[in-house]
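A quick write-up on the structure given underneath.
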Amino acid sequence: MTDTAKLSIAGSDHDYPVMSGTVGPDVVDIRKLYAQTGAFTYDPGFTSTASCQSKLTYIDGDEGVLLHRGYAIGDLAENSTFMEVAYLLLNDELPKKGELEQFETTITRHTMLHEQLAMFYRGFRRDAHPMAIMCGVVGALSAFYHDSTDIHDPTQRMIASHRLIAKMPTIAAMAYKYSVGQPFLYPDNSLSYTGNFLRMTFGVPAEAYEVDPVIEKALDRIFILHADHEQNASTSTVRLAGSSGANPFACIAAGIACLWGPAHGGANEAALNMLHEIGTVDRIPEFIARAKDKNDPFRLMGFGHRVYKNYDPRATVMQKTVREVFAAMKVSDPVFDVALKLEELALSDPYFVEKKLFPNVDFYSGVILSAIGFPTSMFTALFALARTVGWVAQWNEMITDPDQKIGRPRQLYNGPAERTYVPVGQR
Ligand code: ACO
50 MTDTAKLSIA GSDHDYPVMS GTVGPDVVDI RKLYAQTGAF TYDPGFTSTA SCQSKLTYID
110 GDEGVLLHRG YAIGDLAENS TFMEVAYLLL NDELPKKGEL EQFETTITRH TMLHEQLAMF
170 YRGFRRDAHP MAIMCGVVGA LSAFYHDSTD IHDPTQRMIA SHRLIAKMPT IAAMAYKYSV
230 GQPFLYPDNS LSYTGNFLRM TFGVPAEAYE VDPVIEKALD RIFILHADHE QNASTSTVRL
290 AGSSGANPFA CIAAGIACLW GPAHGGANEA ALNMLHEIGT VDRIPEFIAR AKDKNDPFRL
350 MGFGHRVYKN YDPRATVMQK TVREVFAAMK VSDPVFDVAL KLEELALSDP YFVEKKLFPN
410 VDFYSGVILS AIGFPTSMFT ALFALARTVG WVAQWNEMIT DPDQKIGRPR QLYNGPAERT
470 YVPVGQR
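The sequence shown begins at 50 in the working numbering and counts up one residue at a time.
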């Protein structure tokens, strides 16, 4: 592999260094391109652009590989816990026993919300989407936690990161409680991170809530699967917001807003709605035909990915988890049968094969979350809860990266050239 890329533009030749990572594609360092040539690159959707260097997560989309600090997602989902993965993403290495206990205690001690934040909820309509509430409440955290908004102080950055990870389950559970008209539950710090979230969501003050260990483990695994995913749209949004020096709570609120879209985190909600709409196995061919029809905007939700051109490794774990949860709960859901058959038919259809469209993490997650009892509107909120770990880890990495500058893309301008203003009466 050459270590220089040659570019010829407007009659002159230029060399640009090629940088190599540990694994993965090389990158051409074009930082001097504009200064040297007066030209920009054009890459809408950043399909060929590395926006930063990172040590957190590696994806090989062709092979269906996802690693967090070198550990395979399947290995982590099978053997680790969400708290341990959170520690790993924030701290480079897996924790020793004492380090993990200390981290869990720290997170546990930050689970409560400032009491006045509860009043925010009352300003929302009862039918407000939980993601609308999450955007608002998380953005508002900066008004309550002034002592952790100095981004140049590493201690404050870490406190803000812990606060965000710890408070997100409380915020999401309260959004759910508000929508069903039940009282908010305070966190119970004797429970695990995930057990506490289940209790705050499904418990009521009138009786004791017993956390089902199978569901607790399944949900914890779902959180692991969503913890981080390289420079995806919402993570890039968090980094871009953070690049201006905005406080961490504002940056994460920006990430939540981006995640909400149906092409990103909103796809889990859309995928389950689609499976319900299909309803029975015999209707699948009709929906596959629609997905292939260029004149129909319909897409198979939970299918396809910008990076994975192979089976999303998270979908593999997710499918297995559905089976485990159904077996433990002694339930079945016709929607799962529709999902399995849809996957089988799509993966044998030349359209999906040629375009390398495989199930992504969202294809099966809705089936499990629904079996656990979450309404579809909560799915993306759960995604946001888990992805907060990746967002804060990426945000911390960005702040300490000496190469990082304010994110400021340029454009190819296609509007009118300069012209003279004509007063309204003379137009
Ligand atoms: N169903 C049918 N056709 C599809 C699908 C799909 N789900 N996804 C992509 N295609 C087709 C497109 O029509 C396009 O066809 P063309 O080349 O003939 O025009 C081709 O495959 C490439 O699609 P793009 O939209 O250009 O690919 P891109 O990388 O921009 O989009 C995306 C990726 C947004 C995920 C897309 O596959 C999609 O919309 N999927 C459904 C939504 C979804 O599941 N999102 C979750 C992503 S994972 C996550 O965020 C956690």
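C-beta: ideal position from N, C-alpha, C; glycine also.
Who are residue i's beta bridge partners in DSSP?
{"i": "alanine 284", "result": "For the sequence presented, residue 284 should be read as threonine rather than alanine. Answer is none; threonine 284 lacks a bridge partner."}
{"i": "alanine 54", "result": "Tyr65"}
{"i": "threonine 106", "result": "His117"}
{"i": "glutamate 256", "result": "Val253"}
{"i": "valine 76", "result": "Met68"}
{"i": "proline 408", "result": "Phe352"}
Within this structure, are the beta carbons of residue i and residue j separated by less than 9 Å?
{"i": "valine 402", "j": "isoleucine 301", "result": "no"}
{"i": "aspartate 237", "j": "methionine 249", "result": "yes"}
{"i": "histidine 313", "j": "alanine 282", "result": "yes"}
{"i": "aspartate 382", "j": "valine 416", "result": "yes"}
{"i": "leucine 384", "j": "leucine 321", "result": "Sequence check: residue 384 is valine here, not leucine. Yes, these two residues count as a Cβ contact at 9 Å."}
{"i": "histidine 278", "j": "arginine 436", "result": "yes"}
{"i": "leucine 56", "j": "threonine 98", "result": "no"}
{"i": "threonine 284", "j": "glutamine 475", "result": "no"}
{"i": "valine 114", "j": "isoleucine 305", "result": "no"}
{"i": "methionine 217", "j": "leucine 434", "result": "yes"}
{"i": "leucine 274", "j": "valine 366", "result": "yes"}
{"i": "tyrosine 462", "j": "isoleucine 108", "result": "no"}
{"i": "asparagine 359", "j": "methionine 207", "result": "no"}
{"i": "leucine 391", "j": "isoleucine 327", "result": "yes"}
{"i": "phenylalanine 169", "j": "alanine 189", "result": "yes"}
{"i": "lysine 104", "j": "aspartate 141", "result": "yes"}
{"i": "leucine 349", "j": "leucine 396", "result": "no"}
{"i": "methionine 378", "j": "valine 263", "result": "yes"}
{"i": "asparagine 317", "j": "serine 191", "result": "no"}
{"i": "valine 72", "j": "alanine 54", "result": "no"}
For residue i, count neighbouring C-beta atoms within 10 Å of its own C-beta (all shown protein chains included) and say buried if the count is 16 or more, exposed if not.
{"i": "arginine 171", "result": "exposed"}
{"i": "aspartate 64", "result": "exposed"}
{"i": "valine 380", "result": "exposed"}
{"i": "aspartate 411", "result": "buried"}
{"i": "asparagine 128", "result": "exposed"}
{"i": "threonine 160", "result": "buried"}
{"i": "asparagine 409", "result": "buried"}
{"i": "valine 374", "result": "buried"}
{"i": "alanine 388", "result": "buried"}
{"i": "alanine 338", "result": "exposed"}
{"i": "isoleucine 58", "result": "exposed"}
{"i": "lysine 343", "result": "exposed"}
{"i": "glutamine 460", "result": "exposed"}
{"i": "glutamine 280", "result": "buried"}
{"i": "alanine 430", "result": "buried"}
{"i": "valine 438", "result": "buried"}
{"i": "serine 239", "result": "exposed"}
{"i": "threonine 329", "result": "exposed"}
{"i": "phenylalanine 423", "result": "buried"}
{"i": "alanine 209", "result": "buried"}
{"i": "arginine 175", "result": "exposed"}
{"i": "phenylalanine 336", "result": "buried"}
{"i": "histidine 117", "result": "buried"}
{"i": "alanine 215", "result": "buried"}
{"i": "methionine 68", "result": "exposed"}
{"i": "glutamate 393", "result": "exposed"}
{"i": "glutamate 112", "result": "exposed"}
{"i": "valine 287", "result": "buried"}
{"i": "glycine 252", "result": "buried"}
{"i": "serine 293", "result": "exposed"}
{"i": "alanine 88", "result": "exposed"}
{"i": "arginine 332", "result": "exposed"}
Is the closest heavy atom of ligand 2 to the C-beta of residue i under 8 Å?
{"i": "phenylalanine 272", "result": "In the structure shown, ligand 2 is absent; the only ligands present are ligand 1."}
Is it a yes or a no for the segment 256–271 touching the segment 358–377, going by three-plus beta-carbon pairs under 8 Å?
yes
I'd like to know if the segment 447–465 and the segment 120–128 are in contact, where contact means that at least 3 CB-CB pairs between them fall below 8 Å.
no
Pairing CB atoms from the segment 140–147 with CB atoms from the segment 390–400, are three or more of them under 8 Å?
no
On the three-pair Cβ rule with 8 Å, is the segment 178–188 touching the segment 215–231?
yes
Three or more beta-carbon pairs under 8 Å between the segment 150–157 and the segment 131–141, yes or no?
yes
Do the segment 458–469 and the segment 158–168 touch if we need at least three Cβ pairs shorter than 8 Å?
no
Does the segment 291–299 come into contact with the segment 197–207, if we say contact requires no fewer than three beta-carbon pairs (one atom in each stretch) closer than 8 Å?
yes
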